[in-house]
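Protein chains in written order, with the UniProt record's numbering: chain D, 1 to 360; chain H, 1 to 354.
Worksheet for the structure shown next.
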């Protein structure tokens, strides 16, 4: 792809992950679906920190709240989704921190795209089919930078397309004239138009073939290094996350059950669900072994039982798991930079050690 | 068991019917070569995986084998006899032996009927009472219970009166499998049976299918885009690209030592957490195999992968390679394995082994 793009803020890349101050901090975010007396609690007090230049992976099955978390944090959640509590602190380029959930509509509108941008799950269908690509990108830029002339915006649009490896003459194309992979790239280009601090990618490659997925991921990772933004990468494909993410947060039933460096999650999962999820992907290399997946089915969030939501499927469930909800805490091994929400880790002792699958 | 020779399906393009009159485009009818000369063999008690990207024709292959769409050219053989599906009787006799499982268990079960209806209907259609006549009464009930137990939905009584919306995705897919088993088929055609399911329950379904293969000796065609699951589940794997077979062989060698440049690209692109150095990613990047599958509307001669292939030469662009047996049981449709003078130089190994 072309590498001849100069962005004014390319210098940000120098800050890199080493600087590691938080860009996006989600604190105790709770979301309900449905109003009235009996709402479904889909997110329960979720906290998450995204550092500058970092790729944070959100892993979990469908229905575990990954997308809800992303949409709630950007206030894009459509009714009947309702944010019932929490804060989302975003540090913008000037270093000011603001709670996205407390911003006025005008401030929020300004912050979107400029500070935080999303590539949606159905990115292939989120382009407007009746407008040319050019208009869709230019409109967005002009809306945020009213003083920019359309000519300049058009040049910027061409530059953006080149950035994601599409030749600029495709600007005049309508979405249906582009393949799925190209539409996805256009979406990524649009998200990067105002050089956001945070890029949220919600299953960006799920509808694509592996070869295309690989190409697009390579591009995003390269752009991240060049432009220095942070990425929240949402996918159910843990084996993909292990490769692309710096840190992974594993979600289950609307809660984060484990966070750790990507390598550690893969090599040494500490939560039985993480271990089970990793065992659900047959390896392409290495020894062939019998895998079991996870027995049972994800829980119905509208009928929550007390205790750990994973307990009915957990091979190591104890009595306490069925009555008390575990909270995120240190692992039994006392490792730094990783948290797990599992009673096994709080009750583990020399007499009752962790099961071998969790103590590698 | 079930075999296909030179299976070909062309869809017509550029023609639309409006009010009974054909509103054809400027040009004469064009053909989309969805599947072109595909050979397959399914054996009793074995799983054959067909791996390919979307648009490679893998689902069309399944639908052709199931007799759901007419074949343009080629032959399907069941136990050596050519299959003819003229008329309802012949179709039903065929379907009794060859059953299909669809991708989407949310769409393939009728939402207004409970499990009992879905399964008893299939049972009554395909099975006879031991004394002759339609299956009914206690015998029907016993067959129903046995079906549910076979797909590990126990106790059966808990599931028979449920409606599809009351079941999880995995349970629904099990019901769909049970329905296919009602006919006591010899061949199961599974078109992406797990891609719509939650990741944690996918392996459960694959293990169930593997169990059916081992216990009942059913031949299974497993259509998938996930080459890692093909390696896990299938005995043999056939790689499809743009409607043509690129490579075929036992799953282990196809994934561990792929011959065809396309298979190598596919294997290198698959996510691999053990790939610490990002070798796969680098391989994809460096070889410049970017681009997309070709248009299948009247494709030009030559290898369909040639435009993206780093080793392509003029031969590849002008002549279509046949499947060439490289080692016993393994074949690749690539000129690099021919004995021609002007063959392209395809290195012996790379990609997966790096």
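C-beta: ideal position from N, C-alpha, C; glycine also.
On a predicted model such as this, the values are computed, not experimentally measured, just so you know.
TODO: Compare the C-beta of residue 126 of chain D against all C-beta atoms of chain H and say whether one is closer than 8 Å.
DONE: Taking the first chain and counting its residues from 1, the one referred to as residue 126 of chain D is at position 126. For residue 126 of chain D, the closest Cβ of chain H is not nearer than 8 Å.
TODO: Tell me whether the beta-carbon of residue 144 of chain H lies closer than 8 Å to the beta-carbon of residue 119 of chain H.
DONE: For the purposes of this step, residue 144 of chain H is identified with residue 144 of the second chain, where counting begins at 1. For the purposes of this step, residue 119 of chain H is identified with residue 119 of the second chain, where counting begins at 1. Yes.
Task: Proximal residues, the stretch 168-198 of chain D versus chain H, C-beta separation under 7 Å - done: Answer in chain order: 179, 181.
Open item on the list: Between which two residues does the alpha helix (DSSP H) holding residue 66 of chain D run?
Closed with: Counting from one through the first chain, the residue named residue 66 of chain D turns up at place 66. Per DSSP, the continuous alpha helix (DSSP H) segment holding residue 66 of chain D begins and ends at 66-73.
TODO: Return the CA-CA distance between residue 348 of chain H and residue 233 of chain H, expressed in angstroms with no decimal places.
DONE: Taking the first residue of the second chain as position 1, residue 348 of chain H is located at position 348. Taking the first residue of the second chain as position 1, residue 233 of chain H is located at position 233. Put simply, the backbone Cα of residue 348 of chain H is about 26 Å away from that of residue 233 of chain H.
Task: Contact check, residue 284 of chain D vs residue 231 of chain H, beta carbons under 8 Å - done: The residue you call residue 284 of chain D lines up with position 284 of the first chain. The residue you call residue 231 of chain H lines up with position 231 of the second chain. Yes, Cβ-Cβ distance for residue 284 of chain D and residue 231 of chain H is below 8 Å.
- [ ] Please list the residues of the stretch 189-204 of chain H that have a C-beta atom closer than 7 Å to any C-beta atom in chain D, keeping them in chain order.
- [x] Within the stretch 189-204 of chain H, contact with chain D at the beta-carbon level (separation under 7 Å) is assigned to 198, 199, 200, 201, 202, 203, 204.
Open item on the list: Just to confirm, is the Cβ distance from residue 248 of chain D to residue 59 of chain D under 8 Å?
Closed with: Reading the first chain from its first residue, position 248 is the one you call residue 248 of chain D. Reading the first chain from its first residue, position 59 is the one you call residue 59 of chain D. Taking 8 Å as the cut-off, the beta carbon of residue 248 of chain D is found closer than this to the beta carbon of residue 59 of chain D.
TODO: Following the continuous alpha helix (DSSP H) through residue 213 of chain D, name the residue where it begins and the one where it ends.
DONE: For the purposes of this step, residue 213 of chain D is taken as residue 213 along the first chain, with counting starting at 1. Unbroken alpha helix (DSSP H) run through residue 213 of chain D: 210-227.
Task: Nearest candidate by alpha-carbon position, reference residue 101 of chain D, set D:86, D:204, D:357 - done: Along the first chain, read from residue 1 onward, the residue named residue 101 of chain D stands at position 101. Residue D:86 is the option with its Cα nearest to residue 101 of chain D.
TODO: Answer with yes or no whether the minimum CB distance from residue 62 of chain D to chain H is below 8 Å.
DONE: Taking the first residue of the first chain as position 1, residue 62 of chain D is located at position 62. Chain H places a beta carbon closer than 8 Å to that of residue 62 of chain D, counting this residue as a contact.
Open item on the list: If we define contact as Cβ-Cβ less than 8 Å, is residue 283 of chain D a contact residue for chain H?
Closed with: Looking up residue 283 of chain D in the first chain gives position 283. Under the 8 Å criterion on CB atoms, residue 283 of chain D is classed as interfacial with respect to chain H.
Task: Contact set between residue 68 of chain D and chain H, taken where Cβ atoms lie within less than 8 Å - done: Taking the first residue of the first chain as 1, we reach residue 68 of chain D at position 68. Correct list: empty, because the minimum Cβ distance to chain H is about 16 Å.
Open item on the list: I want to verify the contact list: residues of chain D whose CB lies under 7 Å from the CB of residue 273 of chain H, in sequence order.
Closed with: As a working note, residue 273 of chain H is residue 273 in the second chain. Around residue 273 of chain H, the beta-carbon contacts reaching into chain D at under 7 Å are 239, 242, 243, 266.
Task: Length of the line joining the Cα atoms of residue 259 of chain D and residue 250 of chain D - done: Locating residue 259 of chain D in the first chain gives position 259, counting from the first residue. Locating residue 250 of chain D in the first chain gives position 250, counting from the first residue. Roughly 6 Å separates the two Cα atoms.
Open item on the list: For residue 1 of chain D and residue 307 of chain H, I'd like the C-alpha separation in whole angstroms.
Closed with: By one-based count along the first chain, residue 1 of chain D stands at place 1. By one-based count along the second chain, residue 307 of chain H stands at place 307. Interpretation of residue 1 of chain D is limited by its pLDDT of 41, a score under 50 that renders its predicted location unreliable; no figure is taken from the coordinates.
Task: beta strand (DSSP E) segment containing residue 89 of chain D, residue limits - done: As a first step, residue 89 of chain D must be located in the first chain, where it is residue number 89. Segment 81-91, the beta strand (DSSP E) holding residue 89 of chain D.
Open item on the list: With a threshold of 8 Å between beta-carbons, can residue 255 of chain H be considered close to chain D, or not?
Closed with: The residue given as residue 255 of chain H occupies position 255 in the second chain. At least one chain D Cβ lies under 8 Å of residue 255 of chain H.
Open item on the list: By DSSP's criteria, residue 252 of chain D is part of a beta bridge. Which residues make up the other side?
Closed with: On the first chain, position 252 is the one that residue 252 of chain D refers to. Per DSSP, the beta-bridge partners of residue 252 of chain D are D:255.
Open item on the list: Quick check on the burial criterion: 16 or more other C-beta atoms within 10 angstroms. Buried or exposed for residue 345 of chain H?
Closed with: Along the second chain, read from residue 1 onward, the residue named residue 345 of chain H stands at position 345. Counting Cβ neighbours within 10 Å, residue 345 of chain H comes out exposed, since fewer than 16 surround it.
Task: For residue 233 of chain H, the three-state DSSP class (helix, strand or coil) - done: For the purposes of this step, residue 233 of chain H is identified with residue 233 of the second chain, where counting begins at 1. Assignment of residue 233 of chain H by DSSP, reduced to helix, strand and coil, places it in the helix class.
Task: residue 402 of chain H and residue 13 of chain H closer than 8 Å at C-beta - done: Outside the displayed range of chain H (1 to 354) lies residue 402 of chain H, so it cannot be described from this structure.
Task: Residue(s) in a DSSP beta bridge with residue 32 of chain D - done: Here residue 32 of chain D is taken as the residue at index 32 of the first chain, counted from 1. Paired residues: D:41, D:82.
Open item on the list: Spatial neighbours of residue 252 of chain D within its chain, please: C-beta separation below 7 Å, excluding the five flanking residues on both sides.
Closed with: For the purposes of this step, residue 252 of chain D is identified with residue 252 of the first chain, where counting begins at 1. Excluding positions up to five away in sequence, the list reads 60, 64, 273, 309, 310.
Task: Below-8 Å beta-carbon distance, residue 11 of chain D vs any chain H residue - done: Counting from 1 along the first chain, the entry for residue 11 of chain D is found at position 11. Because the pLDDT of residue 11 of chain D is 35, which lies under 50, any placement of that residue in the model is unreliable, and the question is left without a value.
Task: Three CB pairs or more closer than 8 Å across the stretch 150-157 of chain H and the stretch 171-180 of chain H - done: The stretch 150-157 of chain H and the stretch 171-180 of chain H touch, with no fewer than 3 CB-CB distances between them shorter than 8 Å.
Open item on the list: I'd like to know whether the C-beta atoms of residue 331 of chain D and residue 270 of chain D end up nearer to each other than 8 Å.
Closed with: In the first chain, residue 331 of chain D corresponds to position 331, counting from 1. In the first chain, residue 270 of chain D corresponds to position 270, counting from 1. Yes, these two residues count as a Cβ contact at 8 Å.
- [ ] Name, please, each residue of chain D whose Cβ falls closer than 8 Å to the Cβ of residue 168 of chain H.
- [x] Here residue 168 of chain H is taken as the residue at index 168 of the second chain, counted from 1. Going along chain D in sequence order, the residues near residue 168 of chain H (Cβ under 8 Å) are 297, 298.
Open item on the list: Which residue marks the beginning of the alpha helix (DSSP H) containing residue 343 of chain D, and which one marks its end?
Closed with: Counted from its first residue, the first chain places residue 343 of chain D at position 343. Note, residue 343 of chain D: alpha helix (DSSP H), 343-347.
Open item on the list: Contact criterion: CB-CB distance below 8 Å. Does residue 225 of chain H meet it with respect to chain D?
Closed with: Along the second chain, read from residue 1 onward, the residue named residue 225 of chain H stands at position 225. So yes, residue 225 of chain H belongs to the interface.
Task: Reference residue 242 of chain H, options H:60, H:40, H:48, closest by Cα - done: Against the second chain, residue 242 of chain H aligns to sequence position 242. Among H:60, H:40, H:48, the Cα nearest to that of residue 242 of chain H belongs to H:60.
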